[in-house]
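Trainee:
Residue numbers (my numbering): 11 to 131.
1. Return the first residue and the last residue of the alpha helix (DSSP H) that residue 44 is part of.
2. In three-state DSSP terms, what is residue 124?
3. Roughly how many angstroms lie between the CA atoms of residue 5 and residue 119, to the nearest whole one?
4. Between residue 98 and residue 124, is the Cβ-Cβ spacing less than 8 Å?
5. Any chance you could list the alpha helix (DSSP H) runs of at least 4 consecutive residues sitting entirely within the region 57-106, in chain order?
6. Please return the same chain residues whose Cβ sits closer than 7 Å to the Cβ of residue 64, not counting the five positions on each side in sequence.
7. Can you say whether residue 22 is buried or exposed, counting buried as having 16 or more other CB atoms within 10 angstroms of its CB?
8. Closest by CA to residue 44, which one among 103, 111, 116, 58?
9. DSSP has residue 113 in a bridge; who is on the other side?
10. Would residue 19 be called buried (16 or more neighbouring beta carbons within 10 Å of its own) or exposed?
11. Given residue 61, which residues of its chain have a CB within under 6 Å of its CB, disregarding the five upstream and five downstream residues?
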């Protein structure tokens, strides 16, 4: 699924519908937090476009956000008093099973991946 989003809320809502329909095994709260964080960062730290892609296979779900900034996300010391952030990237890394960041000709792509572990018999 590729769709243009205007804000974090519409991206989060679309992700919730997608997860419910295509991979109900995924942790919906974690997915929505990751989508919110990635889109908020794209809105805050880029001057250009961004695009969210959601994909699901039988045992893998991914959220991929492409944006116009070539700057990779990096962890920084959280700002507990001044509201300066620093909480989001560690949260993304802890909520997704795996996170990949790669450069693209027009900026970068951040991909959060969850794998479905079937229940043991």
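Where a beta carbon is used, it is the ideal one built from N, C-alpha and C, also for glycine.
Mentor: Taking the definition as stated:
1. Against the chain shown, residue 44 aligns to sequence position 34. Note, residue 44: alpha helix (DSSP H), 38-55.
2. Mapped onto the chain shown, residue 124 falls at position 114. In the structure shown, residue 124 sits in a strand (DSSP, three-state: E or B).
3. Shown here, the chain extends from 11 to 131; a query on residue 5 therefore has no answer.
4. For the purposes of this step, residue 98 is taken as the residue at position 88 of the chain shown. For the purposes of this step, residue 124 is taken as the residue at position 114 of the chain shown. Going by C-beta atoms, residue 98 is not nearer than 8 Å to residue 124.
5. 98-105
6. Locating residue 64 in the chain shown gives position 54, counting from the first residue. Within the same chain, residue 64 has close Cβ partners 11, 25, 28, 73.
7. On the chain shown, position 12 is the one that residue 22 refers to. Counting other Cβ atoms within 10 Å of its Cβ, residue 22 reaches 16 or more and is therefore classed as buried.
8. The residue given as residue 44 occupies position 34 in the chain shown. That would be 103, whose Cα lies nearest to the Cα of residue 44.
9. In the chain shown, the residue the question calls residue 113 occupies position 103. 118.
10. Looking up residue 19 in the chain shown gives position 9. So residue 19 counts as exposed.
11. The count along the chain shown starts at 1 and reaches residue 61 at position 51. Cβ within range, chain order: 76.
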